[in-house]
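In what follows, a single structure is set out as structure tokens and then discussed.
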Amino acid sequence: MRTNHLFWGILFITLGILVLMNNFMSLSFNWDMMWNLWPLLLVLAGVYFIFREGRFRWIIVLVIAFLLGVVIFAGVKSFSLFFDGDFEDFNVSAQEFTLPYESSIKKAKLNLEAAAGNFNLDGTTDSLVYAKTKGEFSDYSLNNETSDSSADITFEMNNKHQRIVHGLGKNRMEIKLNSNPVWDMDLNVGAASVNLDLVPFKAENIYLKSGASSLKLKLGDKNPMTKVKFESGVSRLEIMIPKTSGCEINSDTEFSKKEFSEFVKIDDNVYRTPDFAQSGKKIYLEIAAGVSSVKVERY
């Protein structure tokens, strides 16, 4: 039997068996760990090229095909868990956090580092901050330092050894904020999907660093000026801005795809809405390298 026929045959058989098993029974492997086995493919490929004239080369081909099938399935399985709502795994835990609101707080800053399959900042609360997490690595702490009329809130992971790009699996996070203070935000979110609805809030300075495959941001006009900076690795960025605010987009990179409806190009990588100069409310968007596709539209 030719080795290339053997390779493809074993690969498809492996994938088929794994998919069938997944459809009819619960596969409870740590798929993130299985995905991390991919460097072993390089080792086996090297062994094959060294001994490809040997009589047992077909065994090496068989092992490579089988392992490649497992790694491919593990990658797909890990990604699908980002959106899986089943939290029956024994590792899953849940947390809730609440910070009381005091009327003396006029300015607040949210510093956040989080890992989540889905991250939502959406909706208001009578508290200063309300948050809940649920997932395999749900271990966070929420701290607040107040000074005069300002609050500095830090929401971070306790298990620092878990990098943001790992263990996203079934993790989800939801945050609600009080709409009275003027908000600054420093958000470092590793997630498959990020949704930020800031329409109810007086958003002033927003810094977003995320490795999300999809990030959606909706801004309001509650504050006279809003500055937003995006950085790092977002595959798809969608931004909605109100027609009641003028907007300027500044970028230091070219995008593979961009949609800037109702914007006029002013200079290299600078775009503005026609009413920007005379608008009483302004939004500044700064998009750094790492964003491949961006869409900005007005509502």
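Note that my numbering gives residue 668 to position 133 of the sequence shown, counting from 1, and the numbers run on in steps of one.
C-beta: ideal position from N, C-alpha, C; glycine also.
Check whether residue i and residue j have beta carbons under 8 angstroms apart
{"i": "Ala629", "j": "Thr668", "result": "yes"}
{"i": "Leu712", "j": "Val664", "result": "yes"}
{"i": "Ala666", "j": "Met692", "result": "no"}
{"i": "Phe690", "j": "Trp718", "result": "no"}
{"i": "Leu743", "j": "Ser828", "result": "no"}
{"i": "Lys753", "j": "Met775", "result": "yes"}
{"i": "Leu634", "j": "Leu731", "result": "no"}
{"i": "Ile784", "j": "Leu750", "result": "no"}
{"i": "Leu577", "j": "Ile545", "result": "no"}
{"i": "Thr808", "j": "Glu797", "result": "yes"}
{"i": "Ala686", "j": "Ala643", "result": "yes"}
{"i": "Ala812", "j": "Lys764", "result": "no"}
{"i": "Lys762", "j": "Arg833", "result": "no"}
{"i": "Ser728", "j": "Asn646", "result": "no"}
{"i": "Asp803", "j": "Gly781", "result": "no"}
{"i": "Leu550", "j": "Ile607", "result": "yes"}
{"i": "Asn715", "j": "Gly670", "result": "no"}
Residue i burial status per 10 Å Cβ neighbour count (16 or more: buried)
{"i": "Lys641", "result": "exposed"}
{"i": "Gly746", "result": "buried"}
{"i": "Ile801", "result": "exposed"}
{"i": "Ile599", "result": "buried"}
{"i": "Glu739", "result": "buried"}
{"i": "Lys817", "result": "buried"}
{"i": "Ser676", "result": "exposed"}
{"i": "Ser786", "result": "buried"}
{"i": "Val724", "result": "buried"}
{"i": "Ile552", "result": "exposed"}
{"i": "Val799", "result": "exposed"}
{"i": "Pro574", "result": "exposed"}
{"i": "Ile548", "result": "exposed"}
{"i": "Val605", "result": "buried"}
{"i": "Val831", "result": "buried"}
Opening and closing residue of the beta strand (DSSP E) in which residue i lies
{"i": "Tyr675", "result": "Tyr675 to Ser682"}
{"i": "Ser628", "result": "Ser628 to Leu634"}
{"i": "Leu663", "result": "Looking at the DSSP string, Leu663 is not in any beta strand (DSSP E), and its letter there is neither H nor E."}
{"i": "Lys762", "result": "Met760 to Glu766"}
{"i": "Ile801", "result": "Val799 to Asp802"}
{"i": "Gly781", "result": "Gly781 to Ser786"}
{"i": "Ala686", "result": "Ser685 to Met692"}
{"i": "Tyr806", "result": "Val805 to Arg807"}
{"i": "Phe811", "result": "Segment: none, Phe811 is in no beta strand (DSSP E) and carries neither H nor E."}
{"i": "Glu832", "result": "Ser828 to Arg833"}
{"i": "Lys817", "result": "Lys817 to Ile822"}
{"i": "Glu709", "result": "Arg707 to Leu712"}
{"i": "Ile774", "result": "Arg771 to Ile776"}
{"i": "Phe794", "result": "Note on identity: in this sequence residue 794 is Glu, with Phe being the wrong assignment. Start and end: Lys792 to Phe795."}
Distance cut-off 7 angstroms: residue i Cβ against heavy atoms of the ligand GTP
{"i": "Leu743", "result": "For the structure depicted, the ligand GTP is absent and the ligand set is empty, with no information on it obtainable."}
The region 751–766 / the region 673–682 touching (three or more Cβ pairs under 8 angstroms): With a cut-off of 8 angstroms, the region 673–682 and the region 751–766 do not count as touching, because too few Cβ pairs lie within range.
Any alpha helix (DSSP H) of 4 or more consecutive residues that is wholly inside the region 725–749: The qualifying runs do not exist here; there are none.
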